Amino acid sequence: MHTSDEIIIIGAGAAGLLAARELSAHYKITVLEARDTIGGRIQTIYRDGIKEAETGAEFVHGELPITLGLLKDAGLSYYNIYGKMFQVRDGHWDPQYEMIEDWDSLLEKMDGIETDMTMQDFLDHFYPQETHSSFRIGVERFVQGYDLARMDKVSVKALYREWTSESDKNFRIDKGYTALMQFLADACIQKGGRIVTSTVVSEVAWTAGKVTVTTTRGDAYTAGKVIVTVPLGILQQGYITFSPALPAYMTAAAQIGWGTVIKTVLQFRAPFWEKHAQQVGFILGEAPIPTWWTQLPDKAYVLTGWLGGPPAIPHLQKSKEELLEMALQSLAILCNESTGTLGELLVNYHISNWATDPHITGSYSYSTPATPAAQVVLNTPVENTVYFAGEALYQGASPGTVEAAFSTGKGVVTRILHP
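Take the sequence shown: its position 182, counted from the start at 1, is 181 in numbering that gives the first Met the number 0, and no numbers get skipped.
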């Protein structure tokens with residue numbers, strides 16, 4: 000087989016594995032993955048073959064065509080989630096129907112701007128601190144917690160597009176997202192592809208129609224094309240050297256926001272939160288970890304804590320034990336319990352801190368006003384030889400999702416098969 004019939008894919012996450020599955024019928028595929036498992040920022044924890052926790056991506060955010068189509072192909076079932084949202088203030092649990100007060104008015108003003116700007120500039124213009132301090136806090140918490148974004152960097156137009164495209168339906172996968180990743184990997188392997196884990200790429204040397212990919216161990220892989228699907232932070236940090244250099248592409252990568260989150264999944268012996276309310280879906284409040292959700296309609300006694308965006312950064316270097324203590328303190332505040340009682344009720348826990356994984360360095364991306372132009376650059380193949388994919392390159396209305404990653408993987412497949 001000639002080099003021109005081979006493609007190297009760097010990264011075995013959602014974008015890379017989808018591309019591997021779809022291209023393996025036409026090319027000899029080699030997937031190089033830095034971590035010791037496939038899936039990238041997807042990692043389902045199983046106990047005795049049963050899903051116990053999603054420490055990475057968890058939800059299917061609406062009726063997303065590529066994700067649901069792949070689940071059907073894989074024969075994997077999924078279910079609609081539900082539950083009420085509660086805001087805890089001074090120990091009182093109040094039902095909350097909007098993530099931000101005056102939501103419709105905010106969206107109307109966001110829709111009205113002609114030139115894109117950061118959310119910080121938008122608030123300063125339309126909602127000055129002197130007269131709207133509590134409203135601004137609510138917006139900031141949502142932008143930081145949900146979009147993991149910095150207020151002084153995130154694009155208002157991108158937030159408007161995303162927020163107005165939100166679906167009322169959200170799903171979880173019965174066997175977890177990892178089962179879908181395994182399906183894609185198996186499909187690639189069955190067609191003669193190979194997936195090499197624990198292999199860190201350090202350099203991509205390219206000329207038109209030929210690439211040599213070198214690893215930190217000094218191994219070299221050659222092919223006619225390479226698809227780079229590493230997390231955005233890896234590109235931003237310059238962990239992979241391109242030769243010849245691709246300065247326009249690296250500049251573009253720097254113009255996309257890169258978020259951070261600490262996710263804590265705690266399993267308990269009893270649902271102590273049900274003392275406060277029934278049908279609890281989400282709990283929001285003033286606590287070190289301010290956002291929590293249950294597994295409804297699954298009756299598992301599990302609470303997932305979410306500390307996203309800039310507020311997570313001071314805690315990134317904490318040990319898992321320190322983060323567990325922080326999680327228990329947060330639930331003690333929100334649920335009016337002692338940390339001692341919660342510690343006794345705790346059965347198991349999983350904490351994911353993706354920013355500290357050297358092969359991931361963060362969680363998911365967000366758009367700045369400069370991002371649309373940057374994505375055009377990154378979605379342009381380099382002499383039909385070097386291609387980029389991954390959720391940060393996605394230009395649709397479901398950013399930061401597995402669907403976003405799948406969409407960009409599919410886009411590269413189309414550009415390769417139909418140049």
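Heads up, the beta-carbon is just placed ideally off N, CA and C, and yes, glycines get one too.
Just so we're clear, the structure is a prediction, and the values are computed from it rather than from any experiment.
Since I believe residue j is in contact with residue i (beta carbons under 8 Å), could you give me their beta-carbon distance rounded to a whole number of angstroms?
i, j, result
"G284", "A18", "No, G284 and A18 are not in contact; Cβ-Cβ is about 42 Å, not under 8 Å."
"T196", "I37", "7 Å"
"Q266", "V301", "5 Å"
"E53", "Y176", "6 Å"
"S164", "A391", "At roughly 18 Å, the Cβ-Cβ gap does not stay under 8 Å, so S164 and A391 are not in contact."
"Y78", "F170", "6 Å"
"A244", "L377", "Contact doesn't hold; Cβ gap of about 15 Å is too wide."
"A184", "L75", "The Cβ separation is near 14 Å, so there is no contact."
"Y363", "L147", "6 Å"
Spatial neighbours of residue i within its chain, please: C-beta separation below 8 Å, excluding the five flanking residues on both sides.
i, result
"I112", "F121, V155 and K156"
"T117", "M150, D151, K152, V153, S154, V155, T367 and P368"
"I239", "I9, V200, S201, E202, V203, V227, V229 and I233"
With H, G and I counted as helix, E and B as strand and the rest as coil, what does DSSP make of residue i?
i, result
"D93", "strand"
"H417", "coil"
"V153", "coil"
"Y81", "coil"
"F241", "strand"
"I359", "coil"
"Y220", "strand"
"L174", "Note that residue 174 is Lys in the sequence shown, not Leu. Coil at K174, not helix or strand."
"V229", "coil"
"Y248", "helix"
"E100", "coil"
"L345", "strand"
"R46", "strand"
"I112", "coil"
"T384", "coil"
"V142", "helix"
"Y300", "coil"
Using a Cβ-Cβ cut-off of 7 Å (strictly less than) and excluding sequence neighbours within five positions of residue i, which residues of its own chain qualify?
i, result
"I65", "E402, F405, S406 and K409"
"A269", "Y300 and L344"
"I188", "I194"
"D110", "Y159"
"I49", "none"
Give the straight-line distance between the Cα atoms of residue i and residue j, rounded to the nearest whole angstrom.
i, j, result
"T211", "R135", "50 Å"
"E324", "T413", "48 Å"
"G217", "K224", "20 Å"
"W272", "P371", "43 Å"
"L105", "Y365", "19 Å"
"S201", "I194", "17 Å"
"Y26", "T43", "30 Å"
"T303", "T384", "42 Å"
"A186", "T293", "33 Å"
"P418", "T379", "11 Å"
"A219", "R46", "37 Å"
"Q143", "P309", "7 Å"
"H60", "K168", "7 Å"
"T130", "H275", "33 Å"
"L22", "T206", "21 Å"
"I312", "V260", "8 Å"
"L63", "Y248", "29 Å"
"A11", "L306", "26 Å"
"I332", "W291", "12 Å"
"L330", "G361", "25 Å"
"A326", "I282", "13 Å"
"T338", "R140", "25 Å"
"Q86", "L16", "39 Å"
"Y393", "T340", "45 Å"
"D4", "G208", "10 Å"
"Q181", "S133", "46 Å"
"L69", "D115", "35 Å"
"E107", "I99", "13 Å"
"S318", "A354", "13 Å"
State buried or exposed for residue i, treating a residue as buried only when at least 16 other CB atoms are found within 10 Å of its CB.
i, result
"P289", "buried"
"A230", "As written in the sequence, residue 230 is Pro, which differs from the Ala given in the question. P230 is buried by the Cβ-count criterion."
"E97", "exposed"
"L315", "exposed"
"N352", "buried"
"A222", "buried"
"V375", "exposed"
"Q128", "exposed"
"E254", "Note that residue 254 is Gln in the sequence shown, not Glu. The residue in question, Q254, is buried, as its Cβ has 16 or more Cβ neighbours within 10 Å."
"H349", "buried"
"T215", "exposed"
"L416", "exposed"
"V346", "exposed"
Leaving out five residues on either side along the sequence, give the residues of the same chain with a beta carbon under 6 Å from the beta carbon of residue i.
i, result
"A13", "V401, A404 and F405"
"V264", "A52, T303 and H349"
"A373", "A251, Q254 and I255"
"D93", "Q86"
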